[in-house]
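Below is one structure, written out as structure tokens; the observations come after it.
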Amino acid sequence: MGKHICILGGDGYLGWPSAMRFSALGYDVTVVDNYLRRELCAQYGLDFLYPVPRLKQRVALWEAVSGRRIHLAELDLADPENMRALFNPTGYERLCDAPWPGAPEAVLHYAEQPSAPFSQRDYRCTDLTLVNNLRVTSNLLCAVRDLSPRSHIVHIGTMGEYGTPNIDIEEGWLDIAHKGRHDRFLFPRQGASVYHTTKIMDTDLMWFFVRAWKLRVTDLMQGPVYGLETEESRATPELRPYFNYDDQFGTVINRFIVQAVAGHPLTVYGKGGQTRGYINITDTLQCVVAAVQHPAQAGELRIFNQITETFSVRELARRVREVGRKRGLKVAIEHVENPRTEAEEHYYNPTYQALRELGVVPHPLDNATLDSMFDIVQGYAARIHPEIIFHPLQQRQPREQD
Ligand SMILES: NC(=O)c1ccc[n+]([C@@H]2O[C@H](COP(=O)([O-])OP(=O)(O)OC[C@H]3O[C@@H](n4cnc5c(N)ncnc54)[C@H](O)[C@@H]3O)[C@@H](O)[C@H]2O)c1
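In short: position in the sequence shown from 1, add 57, done, that's the numbering used here.
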């Protein structure tokens, strides 16, 4: 196998920066996407903060600034024949209009509907999330089993799979002593949404395929990601990942900064004691590179917790308010009724050592990082639509039905 990596969901917030990073590292990169995320955002009027070119243009821009070519296939991976075509030379050459680079050393699987609130907005969103996420994962597992069994699957799971148990969270596995006997099981999972439940089912499916067919799989349990700049995107703003600030697809730190810039109070759900593990997008890239460069063994489901540090939502709001005020903005915090079913005060103590042992150097959230995010967001202040910051979908039907 050559240095070929296939990135499923390569148009996404994490997929595109990963594609540029692996390309910069000298990998032959293939990105695949069907633009599901863009289509959902367009359908529900959830505009990105700034326009982001589609993949064809971004691939060309990247080639212009780096001299490296990323191959592209625009297709729906929920269709098993599409997925299988990617792993066979003739199918690949037809889809990507490029010579077969050889079986992928790794497949990075980001291609899912990633929003918890969207996944349970109504029965159609639940159906879409379940069908899409599980089909893509199962299609990938079958294709790798049948056509490329040595390829290492790196899936992005979520810390949300664990929920907020009243015991320390281990990295994927728990040793249990029961009636004098011992065994090792997947750490108990209790997702707080349909989306999180699909990620739990992904893990279960992967574990079954690993046990039955000795596939090699890494599942990265990631916390909410923040940031909108990576080393590669500094070349031109058009290479930045897209950025949502609505309450469906926006992640919390990104949203707070937009709220501060727009003069909207920072919306803390309930008491704001919900504690989670967070990670800067640049650290996400370090983690996926480390996982790919230190692959799981055949027959191993390896699970790492991919976070840099933990914060309560209340603490995050205060951090953003402090930096916003230093910049002369009037920033208020408002506690609003919590639209989610979740504990607002709870124990939370996850372990997250394994990726550091592979060489990842964490970058904790500091005021300089928040300041640089403010710099970018303030540049697009005129494009912020305050009406989509909070609760847009509860009041709004898809555009085609307006
Ligand atoms: N961003 C975060 O904070 C975060 C945190 C934890 C876990 N994750 C996980 O990481 C992964 C990537 O997240 P993201 O924020 O980049 O999401 P994203 O929505 O920006 O990216 C996912 C991409 O996959 C594509 N896709 C979805 N279904 C597809 C299909 N059937 N065929 C082809 N392409 C398809 C989408 O169009 C999108 O471009 C997701 O699986 C998500 O669950 C993200």
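No residue lacks a Cβ here, since even glycine has one placed at the ideal position from N, Cα and C. All of these numbers come straight from a predicted model, not from anything done at the bench.
Does DSSP put residue i in a helix, a strand or coil?
i	result
T215	strand
Q170	coil
D154	coil
Q451	Its pLDDT being 45, under 50, Q451 is placed unreliably in this model, and the value from its coordinates should be taken loosely. Here Q451 sits in helix by DSSP.
F361	strand
W73	helix
T332	strand
F368	strand
T308	coil
H61	strand
V86	strand
P298	coil
P137	helix
N223	coil
T194	helix
L262	helix
At a threshold of 7 Å, does residue i count as lining ligand 1 (C-beta to nearest heavy atom)?
i	result
D133	yes
T254	no
E169	yes
I213	yes
N189	yes
L185	no
G248	no
R181	no
G66	yes
L262	no
R94	yes
Q114	no
Y405	no
T308	yes
P322	no
Q279	yes
L26	Lying outside 58 to 459, the shown extent of the chain, residue 26 is not represented and no answer is given.
D423	no
V282	yes
N91	yes
V193	yes
L71	yes
To which residues of the same chain is residue i closer than 6 Å at the C-beta, ignoring the five residues directly before and after it?
i	result
T194	D259 and L262
H239	none
I257	E218, R246 and G248
A142	G148 and L152
N327	It should be noted that the sequence gives Gly, not Asn, for residue 327. Excluding residues within five positions, the ones whose Cβ falls inside 6 Å are N395 and E401.
T332	T367, S369 and Y405
S80	V86, R125 and I127
Can you name, in chain order, every residue of its own chain whose Cβ lies under 7 Å from the Cβ of residue i, other than the five neighbours on each side?
i	result
A155	H128
Q454	In this prediction, Q454 has a pLDDT of 41, which is less than 50 and means its spatial position is unreliable; what the coordinates show is noted afterwards. Hits under 7 Å: none found.
M216	M278, Q279, G280, R333, G334, N362, I364 and P407
Leaving out the 5 sequence neighbours to the left and right, which residues in its chain are closer than 8 Å to residue i when beta-carbon positions are compared?
i	result
K60	G83, Y84, D85 and E162
I210	A163, V164, H166, L197, L198, V201, M263, L272, R273, V274 and T275
- prompt: Would the segment 399 to 413 and the segment 286 to 295 be scored as touching if the rule is three or more Cβ pairs under 8 Å?
  reply: no
Validate contact between the segment 361 to 380 and the segment 300 to 310 using beta carbons, cut 8 Å, 3 pairs: yes
Contact the segment 422 to 442 vs the segment 87 to 95: 3+ CB pairs below 8 Å: no
- request: Determine, using beta-carbon pairs with one atom in the segment 167 to 174 and one in the segment 62 to 69, whether at least three such pairs fall under 8 Å.
  value: yes
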